[in-house]
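Sequence lines, in order, name chains F and W. Take the position in the first sequence, starting the count at 1, then add 4; the result is the number in our numbering. At position 23 of the second sequence the residue is numbered 7 (our numbering), and the sequence of numbers has no breaks. Yeah, the Cβ is synthetic: ideal placement off N, Cα and C, and Gly gets one too. Here is the structure we will look at.
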Amino acid sequence: AQSVTQPDIHITVSEGASLELRCNYSYGATPYLFWYVQSPGQGLQLLLKYFSGDTLVQGIKGFEAEFKRSQSSFNLRKPSVHWSDAAEYFCAVLNNAGNMLTFGGGTRLMVKP
Amino acid sequence: EPEVTQTPSHQVTQMGQEVILRCVPISNHLYFYWYRQILGQKVEFLVSFYNNEISEKSEIFDDQFSVERPDGSNFTLKIRSTKLEDSAMYFCAGGNTGATRETQYFGPGTRLLVL
């Protein structure tokens, strides 16, 4: 069965600092991976996705993620965090049939001024 | 940019009551989903729906749950007899390509509280 692990429940960074959120997946085939962000009281907004091709994918709001098959990872990065990035971030993997996402537990990001 | 909408945003109900959560997907979406997130826990898949049929469901989606798309626009999730443990945020999602690796676009959620 597929699974996603986000090892960090909470992360606090200073505004302007770089950010890396970790995501590890377990999946038998080529994974199709997503990062979503959930701001307080809001739904899940797609940040970026990896289907195939270039292992470094660019998303909205200046985020990027790198797929590393050898490490079963899909870590999310941003070079300079803004206060508005404070939110909860979810990594997810799509099943083979393409009709079910499995989410990680989420990482709550706090940004210090 | 079109968005998935959900109503109501919040609902409080008594245990044993029926609730219907509504979603209006983006108009060209063909595939529809419900997920839930119990407070402090992961987002969990409930069900996927295509061509007026359930295409996948999780163990959570038992006989107390049902989905339908009665009028070709709204997509509903019904819980027949709510339990305390049904309290959660329920998210609707949709996708449109019909390809096997489609992206799912989520609504803002309905927060359900069962007392």
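*I think Ala69 (chain F) touches Phe78 (chain F), with their Cβ atoms under 8 Å apart; what is that distance to the nearest whole Å?*
Separation of the CB atoms of Ala69 (chain F) and Phe78 (chain F) is rounded to 6 Å, and the pair is thereby assigned contact status at 8 Å.
_Distance check for Tyr19 (chain W) and Phe75 (chain W), CA to CA, integer angstroms please._
Going from the Cα of Phe75 (chain W) to the Cα of Tyr19 (chain W) covers about 5 Å.
*Please report how far the alpha carbon of Leu51 (chain F) lies from the alpha carbon of Val41 (chain F), in whole angstroms.*
C-alpha separation (whole angstroms): 7 Å.
*Would you say Phe3 (chain F) reaches chain W, if we count a Cβ-Cβ gap shorter than 8 Å as a contact?*
The structure shown does not extend to residue 3 (chain F), since chain F is modelled only from 5 to 117, so the question has no answer here.
*Leaving aside the five residues before and after Leu25 (chain F) along the sequence, list all residues of the same chain whose C-beta is less than 6 Å from its C-beta, in chain order.*
If we look at Leu25 (chain F) and ignore the five residues flanking it on each side, its Cβ neighbours are Leu80, Tyr93, Thr111.
*Evaluate Leu30 (chain W) with the Cβ neighbour count: other Cβ atoms within 10 Å of its Cβ, from every protein chain shown; 16 or more gives buried, anything less gives exposed.*
By the 10 Å Cβ count, Leu30 (chain W) comes out buried.
*Distance between Leu48 (chain F) and Cys95 (chain F) (C-alpha atoms, nearest Å)*: Note on geometry: alpha-carbon atoms of Cys95 (chain F) and Leu48 (chain F) lie some 11 Å from one another.
*Entirely within the segment 9 to 83 of chain F and at least 3 residues each: give me those beta strand (DSSP E) ranges in chain order.*
Within the segment 9 to 83 of chain F, the runs of beta strand (DSSP E) that reach at least 3 residues and sit entirely inside it are, in chain order, 14 to 18, 23 to 25, 28 to 30, 36 to 42, 48 to 54, 60 to 62, 68 to 72, 77 to 82.
*Own chain partners of Pro35 (chain F) with C-beta closer than 7 Å, once the 5 adjacent residues on each side are dropped*: The beta carbon of Pro35 (chain F) sits closer than 7 Å to the beta carbons of Tyr29, Val97 from its chain, once the five residues preceding and following it are set aside; these are given in chain order.
*Rounded distance between the beta-carbons of Gln(-10) (chain W) and Gly91 (chain W), thought under 8 Å*: Confirmed, about 4 Å.
*Compile a chain-ordered list of the residues in the segment 83 to 112 of chain F whose CB is closer than 9 Å to at least one CB of chain W.*
Per Cβ criterion, the list reads Phe94, Ala96, Leu98, Asn99, Asn100, Ala101, Gly102, Asn103, Met104, Leu105, Thr106, Phe107, Gly108, Gly109, Gly110.
*Tell me, please, whether the CB atom of Gln46 (chain F) is closer than 8 Å to any CB atom in chain W?*
Output row for Gln46 (chain F): interface = yes.
*asked:* Tell me the residue span of the beta strand (DSSP E) that contains Leu5 (chain W).
replied: Its beta strand (DSSP E) spans residues 3 to 8.
_Contact set for Gln1 (chain W): own chain, Cβ-Cβ below 7 Å, skip 5 residues either direction_ = Correct list, in chain order: Thr66.
*Once you ignore the five residues that flank Gly24 (chain W) on each side, which residues in its own chain have a CB closer than 7 Å to its CB?*
So the list is empty, once near-sequence residues are dropped.
*asked:* Measuring straight from C-alpha to C-alpha, what distance separates Ala72 (chain W) and Leu97 (chain W)?
replied: As the crow flies, the alpha-carbon of Ala72 (chain W) is around 7 Å from that of Leu97 (chain W).
*Going by C-alpha distance, which of F:Gly109, F:Tyr31, F:Val17 is nearest Trp87 (chain F)?*
If we check each option's Cα against that of Trp87 (chain F), F:Val17 comes out closest.
*For Ala9 (chain F), which residues of its own chain have a beta-carbon under 7 Å away from its beta-carbon, when the five flanking residues on both sides are left out?*
Sequence inspection shows Thr at residue 9 (chain F); the Ala mentioned does not correspond to that position. Counting only Cβ-Cβ distances below 7 Å, and skipping sequence neighbours, we find Asn28, Gly108.
*Alpha-carbon spacing of Leu37 (chain F) relative to Lys53 (chain F), whole angstroms*: Answer to the nearest angstrom: the Cα atoms are 6 Å apart.
*Leaving aside the five residues before and after Ser57 (chain W) along the sequence, list all residues of the same chain whose C-beta is less than 7 Å from its C-beta, in chain order.*
Within the same chain, Val8 come within 7 Å of Ser57 (chain W) by CB-CB distance, once the 5 residues on both sides are set aside.
_Inter-residue Cα distance where the pair is Ser50 (chain W) and Tyr34 (chain W)_ = Approximately 14 Å, taken between the alpha carbons.
_Span of the beta strand (DSSP E) around His(-6) (chain W)_ = Its beta strand (DSSP E) spans residues -6 to -3.
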